[in-house]
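Numbering (the working numbering), first residue to last: 31 to 184. This report concerns only the one structure given below.
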């Protein structure tokens with residue numbers, strides 16, 4: 031597995047999040063398609079996660095059950111499975127597409143900008159995310175015009 035560190039900012043919070051590449055590169059396109067997300071448990075997290083069921087319900091968190099959490103453990107925070115192979119091929123693995131993840135991030139930053147933490151930096155991130163999504167859409171339209179969209183062809 032490969033550990034990604036591009037998202038670390040050196041301030042401690044992003045370093046709590048671990049991104050692991052869980053598969054080998056695709057032999058045709060060279061991209062990876064499976065990523066695991068893990069979150070290191072801090073002392074404060076362990077206290078919050080170890081609340082009694084009734085206490086947890088009061089704070090609205092019943093997802094994690096009665097696991098005895100300890101500082102330093104890793105919480106499985108999610109998995110991202112990308113589409114692997116052409117969409118209609120029998121040997122493909124269905125998954126999400128890059129644009130869907132960008133849409134999630136765009137929505138989050140739109141919400142940040144509509145809330146009390148609006149700032150110029152978030153506005154710039156939002157602009158860049160939208161620009162990235164525009165390029166993904168443009169590439170798809172260009173590939174569709176050439177008749178190669180959804181196929182492993184240049």
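The beta-carbon is built from N, C-alpha and C at its ideal position, and this holds for glycine as well. These figures come from a predicted structure and were not determined experimentally.
Practice problem: Could you have a look at residue 143 and say whether DSSP puts it in helix, strand or coil? | Solution: It is helical.
Practice problem: Could you check if residue 63 is buried or exposed, using at least 16 other CB atoms within 10 Å of its CB as the buried criterion? | Solution: When all chains shown are included, residue 63 counts as buried.
Practice problem: Please name the residue or residues paired with residue 106 in a DSSP beta bridge. | Solution: BP columns for residue 106 point to 68.
Self-check item: Cβ shell of residue 12 (< 7 angstroms), same chain only, five flanking positions each side left out
Solution: With the chain covering only 31 through 184, there is no way to say anything about residue 12.
Exercise. Could you tell me whether the segment 123-131 touches the segment 95-115, where touching means 3 or more Cβ pairs closer than 8 angstroms?
Key: The answer is yes - the segment 95-115 touches the segment 123-131, with three or more Cβ pairs under 8 angstroms.
Quiz item: In this structure, what does DSSP give as the bridge partners for residue 21?
Solution: Because the chain spans 31 through 184 in this model, residue 21 falls outside it and cannot be assessed.
Quiz item: What residues match up with residue 32 in a beta bridge as DSSP calls it?
Solution: DSSP lists 51 as partners of residue 32.
Quiz item: What span of residues does the alpha helix (DSSP H) with residue 159 cover, start to end?
Solution: From DSSP, the alpha helix (DSSP H) with residue 159 extends over 150-176.
Quiz item: Which residue comes first and which comes last in the alpha helix (DSSP H) that contains residue 45?
Solution: Note, residue 45: premise wrong, no alpha helix (DSSP H); not H, not E.
Quiz item: To the nearest whole angstrom, what separates the beta carbons of residue 68 and residue 50, a pair I think is in contact under 8 angstroms?
Solution: Right, the Cβ-Cβ distance comes to about 7 angstroms (below 8 angstroms), so this counts as a contact.
Exercise. Tell me where the alpha helix (DSSP H) around residue 76 begins and ends.
Key: Counting along the chain, the alpha helix (DSSP H) containing residue 76 begins and ends at 73-79.
Quiz item: How would you call residue 42, buried or exposed, if buried means at least 16 neighbouring beta carbons within 10 angstroms?
Solution: Per the 10 Å Cβ criterion, exposed.
Quiz prompt | Exposure of residue 71, with buried meaning 16 or more beta-carbon neighbours within 10 Å | solution = In the assembly as shown, residue 71 is a buried residue. Its beta-carbon has 16 or more other beta-carbons within 10 Å.
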